[in-house]
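Q: Under our numbering, the first residue of the sequence shown is numbered 988, with each subsequent residue one higher.
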Amino acid sequence: MDFEKKNRSNDQYYSIGQAAKICDLSVQTLRYYDKIGLVIPNHTDKLSGYRFYSNRDILTIKIVQDMKMLQFSLDDIGKMLKNDSLESLFTKLKTKQTEMLEEISRLEQTVKSIEQRTARIVQLQEIGSGLKDSDVLVELKRFTDRYVISDRGLYACGMEPSIVKFTELFGKVDVSSLNTNQIMTIYHENIMTFDRAESDLEFCIILDHAGTGMDYTRMIPEGDYITALYSGIPNDVSCKRIYRRLLQWIEENGYVENGSSIEQYLVDAAQMMKPDEFIVELQVPVRKALTL
988 MDFEKKNRSN DQYYSIGQAA KICDLSVQTL RYYDKIGLVI PNHTDKLSGY RFYSNRDILT
1048 IKIVQDMKML QFSLDDIGKM LKNDSLESLF TKLKTKQTEM LEEISRLEQT VKSIEQRTAR
1108 IVQLQEIGSG LKDSDVLVEL KRFTDRYVIS DRGLYACGME PSIVKFTELF GKVDVSSLNT
1168 NQIMTIYHEN IMTFDRAESD LEFCIILDHA GTGMDYTRMI PEGDYITALY SGIPNDVSCK
1228 RIYRRLLQWI EENGYVENGS SIEQYLVDAA QMMKPDEFIV ELQVPVRKAL TL
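This is the structure:
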């Protein structure tokens, strides 16, 4: 008698190899389905002890494949097979539809973030190329209102303490509202004379969109800034040298300082541990000097 395929009570029986071929699955997959009780071979031959799949089993495997295409888990599929009412299937499908739409939204946000990051990297590369021909790029700019989440206090000034403070701030910010290219330190003391061991510093992260439910610490109002763009590790020597250069520009062009200076770090988050590749912009708020 041929146990690979036989006719009994108008039903067809198939070996695991034949069933795997019909359903385009591996034998290992069918054995796993059998092990977890998802699809158990319907017929066992009394003489050989071999087990065979019936037409109904083949149909069940096809249903499993269909449900897997819709991203249902094997556990969910097993529950649906036991409760095969149309109403139950409709509810499961609507729930899965909602889940998939939410996942699409998350993926779209991820794609948007990647696009912003790649565009920003191109911009940083262009800025870096421009700085190769110039030690410092000095430019008068006007910044619009900037909404930030920040932490102000008496802190040490340096790379290591700054990383600690920015890491703490990152943990407080909704990723969808975060622009990791715009992190900065505000010096609430004179850059030329402040004590780097303990100074009045404010570490800030600029939020992409305020007013959409995201809490922010404060708003830095729009205003004019004389800025200096340079590359490399921000330190006591470079900071004071650049600041001195901006003070000279301010005096020569009829401006006066108008608030606390800002040191903004134009760097991708993935490069945070590579300070040699930092692009730094020192921003000094200014206004036109009053003349008689």
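Think of the CB as a built atom: it goes at the ideal place given N, C-alpha and C, for glycine as much as any other residue.
Report, in whole angstroms, the separation of the C-beta atoms of V1125 and A1215, which I expect to be a contact under 8 Å.
A: 5 Å
Q: Assuming contact is defined by CB atoms lying nearer than 8 Å, are I1220 and F1190 in contact in what I supplied?
A: no
Q: Does the beta-carbon of K1008 have 16 or more other beta-carbons within 10 angstroms, so that it is buried, or is it exposed?
A: exposed
Q: Along the beta strand (DSSP E) that carries P1148, what are the first and last residues, could you check?
A: Segment M1146 to F1157 is the alpha helix (DSSP H) holding P1148; no beta strand (DSSP E) there.
Q: Just to confirm, is the Cβ distance from F955 to S1013 under 8 Å?
A: The requested residue 955 does not occur in the structure, where the chain is confined to residues 988 to 1279.
Q: Taking the C-alpha atoms as reference points, what is the distance between V1151 and A1184?
A: 15 Å
Q: Please look up how many angstroms separate the CB atoms of F1130 and Y1252, rounded, as I've assumed it's under 8 Å.
A: Actually they are not in contact, since the Cβ atoms of F1130 and Y1252 sit about 16 Å apart, beyond 8 Å.
Q: For the beta strand (DSSP E) that contains L1216, what are its first and last residues?
A: G1210 to S1218
Q: Look up T1085 in the DSSP assignment and give the residues it is bridged to.
A: BP columns for T1085 are empty, so no partner.
Q: Taking just the CA atoms, how far does D1053 sit from C1010?
A: 11 Å
Q: Going by beta carbon distance, what residues of the same chain come within less than 6 Å of R1133, once the five residues before and after it are set aside?
A: Result list for R1133: I1193 and I1207, in chain order.
Q: Could you tell me the distance, in whole angstroms, from the CA atom of S1225 to the CA atom of D1182?
A: Each residue's Cα considered, the two are about 15 Å apart.
Q: Given this structure, state the Cα-to-Cα distance separating R1232 from S1218, to the nearest angstrom.
A: 16 Å
Q: May I have the straight-line CA-CA distance separating L1046 from T1078, to the nearest angstrom?
A: 22 Å
Q: To which residues of the same chain is I1170 closer than 6 Å at the C-beta, ignoring the five residues directly before and after it?
A: Closer than 6 Å at the Cβ level, and outside the excluded window around I1170, lie F1153, I1192 and Y1252.
Q: Where do the ends of the alpha helix (DSSP H) carrying M1054 lie?
A: N1042 to M1056
Q: So, helix, strand or coil for R1183, using DSSP?
A: coil
Q: Using CA atoms only, rank isn't needed, just tell me which of S1149, G1036 and L1080 is closest to K1055.
A: The shortest C-alpha separation from K1055 is found at L1080.
Q: Go through its chain and collect everything with a Cβ distance to G1198's Cβ below 7 Å, but skip five positions before and after it.
A: Note on G1198: pLDDT 48, under 50, position unreliable in the model; no value is reported.
Q: Determine the direct distance from the alpha carbon of Q1084 to that of L1025, and round the result to whole angstroms.
A: 23 Å
Q: Confirm, please, whether the CB-CB distance from V1160 to I1136 is below 8 Å.
A: Yes, they are a contact pair.
Q: Is V1267 closer than 8 Å to E1244 when the C-beta atoms are compared?
A: no
Q: Where M1146 and L1234 are concerned, what is the direct C-alpha to C-alpha distance, given to the nearest angstrom?
A: 25 Å
Q: Assign D1062 to one of two classes, buried (16 or more other C-beta atoms within 10 Å of its C-beta) or exposed (fewer than that).
A: D1062 comes out exposed.
Q: Restricting to Cα atoms, I'd like to know which of Y1174, E1090 and F1157 is closest to S1248.
A: Y1174
Q: Would I1048 be called buried (16 or more neighbouring beta carbons within 10 Å of its own) or exposed?
A: buried
Q: Quick check: the Cα distance between I1108 and L1277, rounded to an integer number of angstroms?
A: 41 Å
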